[in-house]
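Structure first, commentary second.
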Amino acid sequence: KAGVTQTPRYLIKTRGQQVTLSCSPISGHRSVSWYQQTPGQGLQFLFEYFSETQRNKGNFPGRFSGRQFSNSRSEMNVSTLELGDSALYLCASSLASYALTDTQYFGPGTRLTVL
Amino acid sequence: DAKTTQPTSMDCAEGRAANLPCNHSTISGNEYVYWYRQIHSQGPQYIIHGLKNNETNEMASLIITEDRKSSTLILPHATLRDTAVYYCIVRVVLTSGTYKYIFGTGTRLKVLA
Numbered sequence: 001k002a003g004v005t006q007t008p009r010y011l012i013k014t015r016g017q018q019v020t021l022s023c024s025p026i027s028g029h030r031s032v033s034w035y036q037q038t039p040g041q042g043l044q045f046l047f048e049y050f051s052e053t054q055r056n057k058g059n060f061p062g063r064f065s066g067r068q069f070s071n072s073r074s075e076m077n078v079s080t081l082e083l084g085d086s087a088l089y090l091c092a093s094s095l096a097s098y099a100l101t102d103t104q105y106f107g108p109g110t111r112l113t114v115l
Numbered sequence: 116d117a118k119t120t121q122p123t124s125m126d127c128a129e130g131r132a133a134n135l136p137c138n139h140s141t142i143s144g145n146e147y148v149y150w151y152r153q154i155h156s157q158g159p160q161y162i163i164h165g166l167k168n169n170e171t172n173e174m175a176s177l178i179i180t181e182d183r184k185s186s187t188l189i190l191p192h193a194t195l196r197d198t199a200v201y202y203c204i205v206r207v208v209l210t211s212g213t214y215k216y217i218f219g220t221g222t223r224l225k226v227l228a
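Chains U and Y supply the protein sequences, listed in that same order.
The numbering used here applies: residue 1 is where the first sequence begins, and numbers increase by one.
The numbering used here applies: residue 116 is where the second sequence begins, and numbers increase by one.
Here you go:
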């Protein structure tokens, strides 16, 4: 079974631009979570989608948004990029977020650099 | 949110067992402990998880104390390829009835030849 895929793997943008990252979950997985990883803050939860609905949200500004499609694929968008948005963005999928035990499987990440 | 505390770094000789400790003293009764590792800024790789009993799979063993306030991940025969950052995570229960992972800072394990 194919793993979680993320595109693109690397991205360079300039301040003020916007960016869209894509995540395809493992087949059959309906929950997709997004994380931001930086050297200073570590791994931080952005948001989670399940059945096209945002279930949970972390403490990030409204510039960070996402959506999920009917095939469970997910996109996240960052508008008005800032230098501090440079990070590794990770996507993780799982069968269902409401299960007592539900394991997330991570993709390889998208490395975003903001100049 | 339950938080985890791990040593910043550890060394282990190749072929020996690597024992990685984690404190999670505020864990709630139905919250699972998960372990992941991350190699060279790739995506974190799932290792093992448990609630209160000890668990073992092909990668590692997880020992959880009876009071559930701490756990230890054991890599029985560490190899150079096990060099990575290891994250101990508590899967916390949210008011919505769903769950999310809370990552700590992790332990940087270096396996020495």
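We put the beta carbon where it would ideally sit given N, CA and C, even for glycine.
What is the DSSP secondary structure of residue i, reduced to helix, strand or coil?
| i | result |
| --- | --- |
| Gly66/U | strand |
| Leu135/Y | strand |
| Leu177/Y | strand |
| Trp81/U | Per the sequence shown, residue 81/U should be read as Leu rather than Trp. Coil. |
| Leu88/U | strand |
| Arg196/Y | helix |
| Lys13/U | strand |
| Ile154/Y | coil |
Can you find the residues in the same chain that come closer than 6 Å, C-beta to C-beta, to residue i, ignoring five residues on each side of it along the sequence?
| i | result |
| --- | --- |
| Met76/U | Leu21, Trp34 and Gly66 |
| His164/Y | Tyr147 and Tyr149 |
| Ile154/Y | Ala199 |
With DSSP as the reference, identify every bridge partner of residue i, one or two as the case may be.
| i | result |
| --- | --- |
| Val207/Y | Lys215/Y |
| His164/Y | Tyr149/Y |
| Asp126/Y | Lys225/Y |
| Asn56/U | Glu48/U |
| Gly42/U | Thr38/U |
| Thr141/Y | Answer is none; Thr141/Y lacks a bridge partner. |
Assuming contact is defined by CB atoms lying nearer than 9 Å, are residue i and residue j in contact in what I supplied?
| i | j | result |
| --- | --- | --- |
| Asp102/U | Tyr161/Y | no |
| Tyr202/Y | Pro136/Y | no |
| Thr120/Y | Val205/Y | no |
| Tyr49/U | Ser31/U | yes |
| Arg63/U | Ser74/U | no |
| Val200/Y | Gly221/Y | yes |
| Gly28/U | Leu83/U | no |
| Leu177/Y | Asn145/Y | no |
Sorted by chain position, which residues of the same chain lie with C-beta nearer than 7 Å to residue i's C-beta, five sequence neighbours on each side aside?
| i | result |
| --- | --- |
| Gln37/U | Leu43, Ala87, Leu88 and Leu90 |
| Leu81/U | Lys13, Arg15, Gly16, Gln17, Gln18, Val19 and Val114 |
| Pro108/U | Gln6 and Arg9 |
| Leu224/Y | Met125, Cys127, Ala133, Leu135, Asp197, Thr198, Ala199 and Tyr201 |
Just to confirm my understanding: we take residue i, look at its own chain, exclude 5 residues before and 5 after, and list those with CB closer than 8 Å. What are they?
| i | result |
| --- | --- |
| Leu227/Y | Asp126, Cys127, Ala128 and Glu129 |
At least three beta-carbon pairs within less than 8 Å, the region 182–193 of chain Y to the region 131–148 of chain Y = Proximity of the region 182–193 of chain Y to the region 131–148 of chain Y meets the contact definition, three or more beta-carbon pairs being nearer than 8 Å.
Count the CB pairs spanning the region 49–67 of chain U and the region 118–125 of chain Y that are closer than 8 Å, and state whether there are at least three.
-> At 8 Å Cβ cutoff, the stretches do not touch.
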